[in-house]
Amino acid sequence: MVRIVPEIIKESVTNLVKNGERTDGRAFDEYREISLETGVIEKAEGSARVKIGNTQIVIGAKPQIGSPFSDTPNVGVLMTNTELLPMAAPNFESGPPDEKSVELSRVTDRCIREGKVVDLDKLCIIPGEKVWMVFLDLHVVDYDGNLMDAAVLGCVAALMNAKLPTTKIEDDELILDYDNMIPLPISHTALMSTFAKIGGEMIIDPSLEEEEVMGARLSVGITEDGSICAMQKGGERPLEKEEILKAVSTAKIKTAELRKLLP
Amino acid sequence: MIIIITNTNLNSGTETSERADNRAFDELRNIKIEAGVLERADGSAYLEIGGNKVLAAVYGPRELFVRRLMQPNKAVLRCKYNMAPFSVDDRKRPGPDRRSIEISKIASEALTPAVFLEKFPRSTIDVFIEVLEAEGGTRCAGITAASVALADAGIPMKDMVVACAAGKSDGKVVLDLSEVEDKEGEADLPIAMMPRTGDITLLQMDGHLTEEEFEQALELAINGCKIINEEQKRAIKNRYGD
Chain A
1 MVRIVPEIIK
11 ESVTNLVKNG
21 ERTDGRAFDE
31 YREISLETGV
41 IEKAEGSARV
51 KIGNTQIVIG
61 AKPQIGSPFS
71 DTPNVGVLMT
81 NTELLPMAAP
91 NFESGPPDEK
101 SVELSRVTDR
111 CIREGKVVDL
121 DKLCIIPGEK
131 VWMVFLDLHV
141 VDYDGNLMDA
151 AVLGCVAALM
161 NAKLPTTKIE
171 DDELILDYDN
181 MIPLPISHTA
191 LMSTFAKIGG
201 EMIIDPSLEE
211 EEVMGARLSV
221 GITEDGSICA
231 MQKGGERPLE
241 KEEILKAVST
251 AKIKTAELRK
261 LLP
Chain B
1 MIIIITNTNL
11 NSGTETSERA
21 DNRAFDELRN
31 IKIEAGVLER
41 ADGSAYLEIG
51 GNKVLAAVYG
61 PRELFVRRLM
71 QPNKAVLRCK
81 YNMAPFSVDD
91 RKRPGPDRRS
101 IEISKIASEA
111 LTPAVFLEKF
121 PRSTIDVFIE
131 VLEAEGGTRC
141 AGITAASVAL
151 ADAGIPMKDM
161 VVACAAGKSD
171 GKVVLDLSEV
181 EDKEGEADLP
191 IAMMPRTGDI
201 TLLQMDGHLT
211 EEEFEQALEL
221 AINGCKIINE
231 EQKRAIKNRY
241 GD
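Note that the protein sequences, when read in sequence, are chains A and B.
The working numbering numbers the first residue of the first sequence as 1 and each following residue consecutively.
The working numbering numbers the first residue of the second sequence as 1 and each following residue consecutively.
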């Protein structure tokens, strides 16, 4: 189902931005209220519930024993999967993941993987045979814009919250000790800031209304030492070089602020 | 050959005559219901009972795009029950399976009798039940939450629908089976009802019960429903005042 945005809303949102204002009174580089809780699902080894404004995602991290990929026999596996639940928005439908959902999974995965959040080398149990496979499942329950930043923030928090049973090998048996849990090996943190281009301006953390009006979108993933680890442009309209560079430098400052929310 | 052993498999089968969580035979697990928890949905509710965490959301009445389902004289109530991959001990593969499809069907049939569908011809009311964490009795939790979400959406109803299970565990007829009691017990009897009239809108059973035990279990479940119904009303009152 396609939602048509009324011209009058397009115009009013764009004109506000041109006057240096936003519909909800935020500054161009100001996030909505963010809340982040971890350990919300006891049955998941790691979990988090993140809210940015009215956008809400519940994330569970579940490790399982599996076989490594043949080209990386000594490395654990990280799998990211998103469900844009039909309860989250009137135009979301149940069924296999659509483009929007796959893009969100892949961009989140890229930011976490390239940001070296999880030390995948340490997830190897028996080289070539058994490794930990960590499944990150994102359950989007309420959609009010800017899923990317919420997804990455929540995923990093869920991974930092995750525990693994200790493993030992006796004879040919792999023993998982659920009484002695160890934290998932985390080496870095990476977070993402997303900008929407409206009326020639780049505004951070677009709300749903702003996303519907924007011409283009840019998401920038930054690690804790300030290097860029993932980017994704979205939307039908082009971006200019200066806009991109400005977004990157703002993202560096803003992701550093977001990092303070992590446990 | 590598055999995977987990030490959690070893501590099952504890021999006690009492219930594992020290509840009386007619005692419910702790329950908490909150209405209006989601922004986008027309109505929503969050419910916790024991270790279950369930979200329900309602959209509608809205236009029905699947023409073959359309009813010329009334709305259709469609229900989708879904479990989060992280809601259970071993990750569940995302997407519908036979179990969730069946529960979706019986949940919509449980809720339908309470709703004045004839007020909205040719439209749909969509109910989504998301199990975030499962600990036995998710279908009942889902239906109970869905009814609160329908009320939160302002959908005209004859009564709330409330669901609860009773069953037999360790040879005793007990109310509101936990996950362990459900798995290791002898019988499970989930029901849903409209408490004002006492009409039963869902009834399932698996396991073995004598006729007397069935009567006892049904009586227990009906009483359980009445208690949970008070929590449903409280959730709506908390949101909208008396």
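Beta carbons: idealized from backbone N, C-alpha and C, even for Gly.
Note that the structure is predicted; figures quoted are calculated from it, not measured.
Can the beta-carbon of residue i be found closer than 8 Å to that of residue j?
i, j, result
"Asn52(B)", "Glu118(B)", "no"
"Gly293(A)", "Lys163(A)", "Past the edges of chain A, shown from 1 to 263, lies residue 293(A), and the structure says nothing about it."
"Leu208(A)", "Asp144(A)", "yes"
"Ala163(B)", "Ile191(B)", "yes"
"Ile204(A)", "Ser219(A)", "no"
"Thr201(B)", "Val161(B)", "yes"
"Ile59(A)", "Leu120(A)", "no"
"Lys233(B)", "Pro86(A)", "no"
"Gly136(B)", "Leu177(B)", "yes"
"Asn161(A)", "Pro90(A)", "no"
"Ile34(A)", "Ile52(A)", "yes"
"Val50(A)", "Leu84(A)", "no"
"Ala57(B)", "Ala41(B)", "yes"
"Leu147(A)", "Leu104(A)", "yes"
"Leu209(B)", "Lys168(B)", "yes"
"Asp199(B)", "Gly43(B)", "no"
On a CA-only basis, which of the options is nearest residue i? Give me that one, please.
i, options, result
"Ala61(A)", "Ile33(B), Val180(B), Ala134(B) and Arg91(B)", "Arg91(B)"
"Glu236(A)", "Glu224(A), Thr80(A) and Met214(A)", "Met214(A)"
"Thr138(B)", "Cys79(B), Glu48(B), Glu18(B) and Arg62(B)", "Glu48(B)"
"Leu191(A)", "Val117(A), Gly39(A) and Arg217(A)", "Val117(A)"
"Ile31(B)", "Cys225(B), Tyr240(B) and Lys237(B)", "Cys225(B)"
"Cys155(A)", "Ile186(A), Met181(A) and Glu129(A)", "Ile186(A)"
"Asp21(B)", "Ser100(B), Lys80(B), Glu181(B) and Tyr81(B)", "Glu181(B)"
"Ala84(B)", "Leu69(B), Met70(B), Ser100(B) and Gln71(B)", "Ser100(B)"
"Glu243(A)", "Asp98(A), Ala158(A), Lys254(A) and Ile198(A)", "Ile198(A)"
"Glu129(A)", "Arg106(A), Asp71(A) and Val102(A)", "Asp71(A)"
"Cys124(A)", "Ser249(A), Leu136(A) and Leu78(A)", "Leu78(A)"
"Arg68(B)", "Ser123(B), Glu211(B) and Ser169(B)", "Ser123(B)"
"Leu158(B)", "Pro195(B), Phe120(B) and Arg239(B)", "In the sequence as displayed, the identity of residue 158(B) is Lys instead of Leu. Comparing Cα positions, the closest option is Pro195(B)."
"Glu212(B)", "Val88(B), Glu186(B), Val173(B) and Ala75(B)", "Val173(B)"
"Ile143(B)", "Ile106(B), Asp170(B) and Pro61(B)", "Ile106(B)"
"Asp89(B)", "Pro96(B), Ala187(B), Lys183(B) and Ala134(B)", "Ala134(B)"
"Thr250(A)", "Pro6(A), Ala27(A) and Asn19(A)", "Ala27(A)"
"Phe69(A)", "Val5(A), Leu239(A), Pro206(A) and Val131(A)", "Val131(A)"
To the nearest angstrom, report how far apart residue i and residue j are at their CA atoms.
i, j, result
"Glu170(A)", "Pro63(A)", "21 Å"
"Pro127(A)", "Asp172(A)", "14 Å"
"Ser94(A)", "Pro94(B)", "11 Å"
"Val152(A)", "Pro73(A)", "27 Å"
"Leu261(A)", "Asn81(A)", "23 Å"
"Phe86(B)", "Val134(A)", "11 Å"
"Ser227(A)", "Glu30(A)", "22 Å"
"Asp26(B)", "Leu150(B)", "28 Å"
"Met205(B)", "Glu39(B)", "36 Å"
"Lys237(B)", "Ile129(B)", "22 Å"
"Gln71(B)", "Asp242(B)", "35 Å"
"Gly36(B)", "Ile228(B)", "18 Å"
"Ile112(A)", "Val66(B)", "39 Å"
"Thr14(A)", "Glu231(B)", "46 Å"
"Lys10(A)", "Asn82(B)", "36 Å"
"Lys241(A)", "Val107(A)", "21 Å"
"Ile103(B)", "Pro156(B)", "24 Å"
Name the DSSP beta bridge partners of residue i, please?
i, result
"Val58(A)", "Arg49(A) and His139(A)"
"Ser35(A)", "Lys51(A)"
"Asn81(A)", "Asp137(A)"
"Arg78(B)", "Asp126(B)"
"Val13(A)", "Looking at the DSSP assignment, Val13(A) forms no beta bridge with any residue, so it has no partner."
"Gly221(A)", "Met192(A) and Ala230(A)"
"Ile103(B)", "According to DSSP, Ile103(B) bridges with nothing at all."
"Asn52(B)", "Ile49(B)"
"Pro113(B)", "Note: Pro113(B) sits in no beta bridge, so no partner."
"Cys124(A)", "Val131(A)"
"Gln204(B)", "Per DSSP, none; premise fails for Gln204(B)."
"Thr166(A)", "Asp177(A)"
"Gln64(A)", "Met133(A)"
Ordered along the chain, which non-local residues of its own chain (more than five positions away) have a Cβ less than 7 Å from that of residue i?
i, result
"Glu34(B)", "Ala45, Tyr46 and Ala235"
"Leu77(B)", "Ser108, Leu111, Thr112, Val115, Leu117, Ile125 and Val127"
"Ala141(B)", "Leu47, Ile49, Asn52 and Val54"
Should residue i be counted as a contact of the ligand FAD given a C-beta to heavy atom distance under 7 Å?
i, result
"Thr124(B)", "For the ligand FAD, the structure offers nothing, since it holds no ligand at all."
Residues in the same chain with beta-carbon distance under 6 Å from residue i, minus the five sequence neighbours each way, listed in chain order, please.
i, result
"Arg217(A)", "Ala196, Gly234 and Gly235"
"Ala166(B)", "Leu175, Leu189, Ala217, Leu220 and Ala221"
"Thr223(A)", "Gly115, His188, Ala190 and Cys229"
"Ala158(A)", "Gly46, Ser47, Ala48, Ile59 and Ala61"
"Lys166(A)", "One detail in the question is off: residue 166(A) reads as Thr in this sequence, not Lys. The residues are Asp177, Asn180 and Ile182."
"Leu203(B)", "Ile191"
Leaving aside the five residues before and after residue i along the sequence, list all residues of the same chain whose C-beta is less than 8 Å from its C-beta, in chain order.
i, result
"Lys246(A)", "Met202"
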